[in-house]
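Sequence lines, in order, name chains A and B. Residue numbering for the first sequence is 1251 to 1603, as defined by the working numbering. Residue numbering for the second sequence is 474 to 808, as defined by the working numbering. Glycine residues also receive a C-beta, built at the ideal position from the N, C-alpha and C atoms. Input: a single structure, listed below in C-alpha cells.
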Amino acid sequence: MNDIPPDKPHRPKDDQVLEVPERTPDPPVLQVGPEMAVAEDVHDIVSGELVAGSSLWRDAWRRLLKNKLAVFGIVIVLLITLAALIGPSIIKATTGYSYDFVPKDSLLNKSLPPFRAPDGSFSWAHPMGTDNLGRDILARVLSGGQISLMVALIATLVSLVIGVSYGALAGYLGGRVDDLMMRIVDVLYSLPYVIIVIVLLALLPAKTPTGQLAQLFFALGAVSWLTMARIVRGQVLSLKNQDFVLAARATGVSTPKIVFRHLIPNVLGPVIVYATLTVPTVMLSEAFLSFLGLGVRPPRVSWGSLAAEGAQHLSVYPWQLIFPGATMALMLFSLNFLGDGLRDALDPQTRKE
Amino acid sequence: MTNQAKNGSLLKVKDLRTYFHTEDGTVKAVDGVSFEVKRGDTLGIVGESGSGKTVANLSIMRLISDPPGRIAGGAVEFNGRDVLKLSPRELRDLRGCHIAMVFQDPMTSLNPFMRVSKQLMEVTQLHLRHTKEEARRHAIQMLEHVGIPDAAERIDSYPHEFSGGMRQRVMIAMALSCKPQLLIADEPTTALDVTIQAQILELIKKLKRETGASVILITHDLGVIAGMTDHVVVMYAGKVFEQAPTGELFDRPGNPYTRGLLRSVPDPTSEQGKLYQIPGQPPDLAHLPFGCPFAPRCERAEEICTREFPPFVQLTSNHHSLCHFANEVYAESNR
C-alpha cells in the first residue's frame, strides 16, 4: 500500500484553469475560472454546485451508494439496530412482555411455536414463539440485540483507540521502539484469544451485572486491537517519509501533534474499513463466549446466550435457536457487506486513476 | 546584488558533515561543507542530483532522520547560536519561526487530509501563539499576499483543490507566516511548468524584498541562479567545489566542474548541434575515488588529481575553488 493520494479520483490534471493573460513583470496576475473549485465527478455531476471541500468523503459515499450489497447492508444494520433500540419498549407497552418477563401460567405458555396461542390458534402475541419458561422470544431477541450491539461497538471502540494510537506511535517512532512494540503485539497474537479472554474474565471478578458487561467489553477490546495496530503501523510507515510530514517537522510541529493531527487522519480510510469489519468479529466472539457461558449471564441475554439456550432444545423447538441465530446471521452478513463496500469505496488500491 | 550593504552574517555553516550509515558502507552525503549567508542575501546552491544540496540544508534544520543519517560533525551557527546543540524544544521554536523551508514538490508537501486553513493556522498558533481568529485572519492575509485570489473563500479548501503553482504559493505563505529570517527553498520550481516557475520566483523575490529575509535557493537551474542570487555555492559529491559572487562565477569560473555545468546550459542562439554534457556519472558516495571526486569525469584531470585531494584555493577575497588547477582555470576563464 503506497501513498494515499485522496485527490486523484476523477479529475484530469489539466482541467485546472490557470491562465496567465500576459507577461507583466510584477506581480503576476492569475485568472482563476469558477470551474476550478468544482470537483468534477465523471459519473454524476452536481450541476453547477460548488462542492465545498469534502470531495474525498463525498466520492467515497457515492461509490458506497452505488454498491447494492453495501446499501442492503446499511439498511439492514440500521433496521436491526433501530428495532433493538426501540423494539423492547414497544413490546412491553403493547403486550407487557419483556426479555425477563415470565408469565404466571408459565407451563401453559411454555415453548409456544411462532404465531400460536396456548390453545393452538393463530395469535400475534408471540411472532417468534416463546422459550421454555414462556418468555417472548421476540422481546428476548431484541433485548439481546441491544447487548450484542453494545458489546460489539464498545469493544470495537476500545480496539480502535488502543490499536490506532499504538500502531501510529510504533510506526512513526520506528527503530527499536517500533521493534519492541510490535514484538509485544506478536506475542499477544500468538496466544489464543479465547484463553486470554477466559483468563481476563476469570481474573477480574465482577460483582454487578453491569460490571460483568464492562469486563466483557474490556476483555474483547483487549484482544481485538492487535490487527488494528498492525494495519495502522504499516500505513504510518509508508506515510511518514512523505514530504508533508517533513514539512510539518520543518515548521516545528511536535511529534505527538504530527502523529495525531497529521498522520492519523491519513490512515482513517483503512481504519474505518477494518473497524467496520471488527464489529461482526467481536459480535461473533461475544456470542461464542456467551454460548460457552462466559459472556453475558442471565437474566441478561445476548444473541449468543439465546442461541445457547435454544440449542438445548433444537430437535423439539427449533424456533428457539432459529430466530436468534437467523437475526444474528443477518446482522453479521449485513455488517460484512457494509465493511466490504466501505473498503471498495475508501481503499486507494481499488481506486482507479 | 542589492543588499550587500548590510553585511551581518545570519547563518554560518562550518565544516558540516552528514553521513548515512547503510549496508553498503558509510555514505558521506555532506562532507565538510562550509558557507555563509549574510542578512538579506540570497545564496544559491547548485549541483547535480545527489551532490548533497538537499541533505546539507536538511542538516541545517536538523531534519535528517537518525537512523540512518547522522550529523557527524561541524557547526551550524544561526544568529550566533549553534543549531546542532539546541534542545528539541529550542529546535522546534527555531523551525518554522526563524528558519522556514519550501520543498520541491508542492503536490506532496501539503497534508492531503487537512484543510489549507488548518495547515496555515497551525504555524502561527504554534509560534506566534495566535488564537484561532487571529491565526485565520493572518492566514487569509498571507494567502492574499502570495497572490491567491478569493483567499477568504478558498482558504477552507483541501490541497487537491489547488493547482501545483497555487499549492507552492500556499507553501510559501506557510513558510513566511512567522516572518522567518531565513527561507530555505529547496528546488521550489522544479515540479512546476515554466510560466508558473517564473511567477513563483518573482514571488519569492518580492517577499524577500518586503520582509528582508535571507534566502537559500537550492536548484540545478543555472538560469534561476543567475536571476535570483547574490552568491553561489557549487556542490559536488558532498563537497563545496566552488564558491563565488554570482556574477563572478558566471564570468570567471575557477573550477572545471563549474565550467562543465555552465557549458551544459543549452544555448538557444546556436542553430543545432549536440548538447554538451559532462561525461560520466556522479560518483557513488559510499565508495569515493581516491583524490579528487570529480577527477574521473574531468577534462583537465592530470595524474595528481587521482592521487591527492585538491586544495580549496582562494582566488579572490570571496571566490574559492576546490581544484589543483584552480588558478589556471581561473586565468583561462578570463576571456
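Spatially closest choice to residue i from the options, by CA coordinates
i: Thr731 of chain B; options: B:Gly764, B:Leu695, B:Leu758; result: B:Leu695
i: Glu805 of chain B; options: B:Glu775, B:Gly727, B:Gly520; result: B:Gly727
i: Leu761 of chain B; options: B:Tyr709, B:Thr789, B:Ser790; result: B:Tyr709
i: Gln1465 of chain A; options: A:Gly1413, A:Ile1404, A:Val1437; result: A:Ile1404
i: Arg687 of chain B; options: B:Asp488, B:Phe714, B:Glu509; result: The question names Arg, but residue 687 of chain B is Ser in the sequence shown. The candidate whose alpha carbon is nearest that of Ser687 of chain B is B:Glu509.
i: Lys501 of chain B; options: B:Val802, B:Ser794, B:Ala759, B:Glu607; result: B:Ala759
i: Gly1425 of chain A; options: A:Ile1336, A:Ser1371, A:Leu1487, A:Ser1409; result: A:Leu1487
i: Pro729 of chain B; options: B:Ala529, B:Arg609, B:Lys511, B:Cys765; result: B:Cys765
i: Asn1382 of chain A; options: A:Leu1496, A:Met1578, A:Leu1332, A:Gln1570; result: A:Gln1570
i: Ile689 of chain B; options: B:Arg627, B:Pro661, B:Thr604; result: B:Pro661
i: Pro755 of chain B; options: B:Tyr749, B:Ala768, B:Lys747, B:Gly746; result: B:Ala768
i: Leu1438 of chain A; options: A:Val1566, A:Phe1372, A:Gly1413; result: A:Gly1413
i: Ile613 of chain B; options: B:Glu521, B:Ala646, B:Leu735; result: B:Ala646
Through-space distance from residue j to residue i, alpha-carbon basis
i: Pro718 of chain B; j: Thr684 of chain B; result: 22 Å
i: Phe1510 of chain A; j: Leu1423 of chain A; result: 13 Å
i: Leu1588 of chain A; j: Leu1476 of chain A; result: 22 Å
i: Leu1542 of chain A; j: Tyr1524 of chain A; result: 27 Å
i: Val1529 of chain A; j: Ile1481 of chain A; result: 16 Å
i: Tyr1443 of chain A; j: Val1473 of chain A; result: 6 Å
i: Lys591 of chain B; j: Asp629 of chain B; result: 8 Å
i: Pro1568 of chain A; j: Trp1307 of chain A; result: 45 Å
i: Ile1508 of chain A; j: Ala625 of chain B; result: 26 Å
i: Pro1548 of chain A; j: Ser1584 of chain A; result: 28 Å
i: Ile621 of chain B; j: Val1521 of chain A; result: 35 Å
i: Ser737 of chain B; j: Leu593 of chain B; result: 39 Å
i: Val486 of chain B; j: Thr1406 of chain A; result: 52 Å
i: Ala1309 of chain A; j: Asp1369 of chain A; result: Here residue 1309 of chain A turns out to be Asp, not Ala, going by the sequence shown. If you take the alpha carbons of Asp1309 of chain A and Asp1369 of chain A, they lie about 57 Å apart.
i: Lys511 of chain B; j: Ile533 of chain B; result: 15 Å
i: Ala1479 of chain A; j: Thr1526 of chain A; result: 15 Å
i: Leu483 of chain B; j: Ile518 of chain B; result: 16 Å
i: Arg725 of chain B; j: Ser794 of chain B; result: 11 Å
i: Glu563 of chain B; j: Gly553 of chain B; result: 14 Å
Chain A residues whose Cβ lies nearer than 8 Å to that of residue i
i: Leu583 of chain B; result: Phe1494, Ala1497
i: His603 of chain B; result: Those do not exist, as His603 of chain B stays about 14 Å from chain A at its closest Cβ, beyond 8 Å.
i: Asp578 of chain B; result: Asp1493
i: Leu536 of chain B; result: Leu1496, Arg1499, Ala1500
Residue i (DSSP reduced to helix, strand or coil)
i: Gln670 of chain B; result: helix
i: Met1400 of chain A; result: helix
i: Gly569 of chain B; result: coil
i: Val813 of chain B; result: Residue 813 of chain B lies beyond the residue range present for chain B, which begins at 474 and ends at 808; the question has no answer from this structure.
i: Lys485 of chain B; result: strand
i: Tyr812 of chain B; result: Outside the displayed range of chain B (474 to 808) lies residue 812 of chain B, so it cannot be described from this structure.
i: Ser1393 of chain A; result: helix
i: Glu509 of chain B; result: strand
i: Leu1487 of chain A; result: helix
i: Val1325 of chain A; result: helix
i: Ser520 of chain B; result: According to the sequence provided, residue 520 of chain B is Gly. The question's Ser does not apply to it. Reduced to three states, the DSSP call for Gly520 of chain B is coil.
i: Gly542 of chain B; result: strand
i: Arg602 of chain B; result: coil
i: Thr1380 of chain A; result: strand
i: Arg780 of chain B; result: coil
i: Arg554 of chain B; result: strand
i: Asp504 of chain B; result: strand
i: Asp757 of chain B; result: coil
Per-residue contacts from residue i into chain A (C-beta, under 9 Å)
i: Asp450 of chain B; result: Since the first and last residues shown for chain B are 474 and 808, residue 450 of chain B lies out of range.
i: Met574 of chain B; result: Leu1496, Ala1497, Ala1500, Thr1501
i: Met647 of chain B; result: Ala1497, Thr1501
i: Leu489 of chain B; result: The contacting residues do not exist; Leu489 of chain B stays about 18 Å from chain A at best.
Cross-chain neighbours of residue i in chain B, by beta carbon under 9 Å
i: Gly1421 of chain A; result: Per Cβ cutoff of 9 Å: no residues; Gly1421 of chain A is ~13 Å from chain B at best.
i: His1563 of chain A; result: Residues of chain B passing the Cβ test: none, with the nearest at roughly 54 Å.
i: His1376 of chain A; result: Here the premise fails: no neighbours, minimum Cβ distance about 51 Å.
Residue i: contacting residues in chain A (beta-carbon distance under 7 Å)
i: Cys570 of chain B; result: Gly1502
i: Val713 of chain B; result: Within chain A, no residue comes near Val713 of chain B; the closest Cβ sits about 23 Å away, beyond 7 Å.
i: Val596 of chain B; result: Thr1501
i: Arg565 of chain B; result: Gly1502, Ser1504
i: His856 of chain B; result: As shown, chain B starts at 474 and ends at 808. That puts residue 856 of chain B outside it, with no answer to give.
Cross-chain neighbours of residue i in chain B, by beta carbon under 8 Å
i: Asn1516 of chain A; result: Asn584, Pro585, Phe586
Bridge partner(s) assigned by DSSP for residue i
i: Ser794 of chain B; result: B:Glu715, B:Val786
i: His494 of chain B; result: B:Thr499
i: Ala548 of chain B; result: B:Lys487
i: Arg772 of chain B; result: The sequence shown places Glu at residue 772 of chain B, rather than the Arg named in the question. DSSP, once it has assigned bridges, lists no residue as partnering Glu772 of chain B.
i: Ile657 of chain B; result: B:Met574, B:Ile689
i: Val706 of chain B; result: B:Ile518, B:Gln716
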